[in-house]
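Just so we're aligned, residue 92 is where the sequence shown starts under my numbering, counting upward by one. Presented below is the structure to which this report refers.
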Amino acid sequence: GVIRHVGDALKDHSSKSRGRICAIGIAPWGIVENKEDLMGKDVTRVYQTMSNPLSKLSVLNSSHTHFILADNGTLGKYGAEVKLRRQLEKHISLQKINTR
92 GVIRHVGDAL KDHSSKSRGR ICAIGIAPWG IVENKEDLMG KDVTRVYQTM
142 SNPLSKLSVL NSSHTHFILA DNGTLGKYGA EVKLRRQLEK HISLQKINTR
């Protein structure tokens, strides 16, 4: 889908450019496979991005540099991030950009 194309474009750009791109993914916590690997306070964690073909959950896209994980208490259901994403996109779109 679109996410895969964006990820490919980010990889292609980063291999051709010295500038660093920050790619922030927004995902529902309840669909993240291996989410236990991400838990902890003030620690660095290794996250496995290999997907289990039998799982209905999803791994986080390794092309992103950061993630915002939305948790509404549901497990295995997509869509928990939609309201947060919509509000964040609207907020960002209203910001003034200094183009110098």
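We put the CB at the ideal spot given by N, CA and C, even for glycine. As the structure is a computational prediction, the values presented were derived from the model and not from experiment.
Figure out for me which residue from the options has the closest Cα to the Cα of residue i.
i, options, result
"His-96", "Asn-152, Ser-142, Leu-148 and Thr-135", "Asn-152"
"Glu-180", "Asp-99, Ala-100 and Gly-116", "Gly-116"
"Leu-175", "Thr-190, Ala-118, Ser-149 and Arg-191", "Ala-118"
"Val-173", "Leu-160, Val-134, Lys-132 and Ile-183", "Leu-160"
"Arg-111", "Leu-185, Ser-184, Ser-146 and Thr-156", "Thr-156"
"Ala-114", "Ala-100, Glu-127 and Lys-126", "Ala-100"
"Thr-140", "Asp-133, Asp-128 and Val-134", "Asp-128"
"Tyr-138", "Pro-144, Lys-147, Leu-145 and Phe-158", "Phe-158"
"Gly-98", "Ser-146, Arg-177, Ser-154 and Gly-131", "Ser-154"
Which residues does DSSP pair with residue i in a beta bridge?
i, result
"Ala-161", "Pro-119"
"Ser-146", "Per DSSP, none; premise fails for Ser-146."
What would DSSP say about residue i, mapped onto helix, strand or coil?
i, result
"Glu-124", "coil"
"Arg-95", "helix"
"Ile-193", "The chain is shown from 92 up to 191; residue 193 falls before or after that span and cannot be answered."
"Gln-178", "helix"
"Lys-102", "helix"
"Leu-151", "coil"
"Val-173", "helix"
"Leu-166", "coil"
Any chance the CB of residue i is under 7 Å from a heavy atom of the ligand GTP?
i, result
"Leu-175", "With respect to the ligand GTP, the structure shown offers nothing to examine, as it has no ligands at all."
- Touching by the beta-carbon criterion (3+ pairs, under 8 Å), the stretch 117 to 124 and the stretch 165 to 174: Contact annotation: the stretch 117 to 124 touches the stretch 165 to 174, with at least three C-beta pairs closer than 8 Å.
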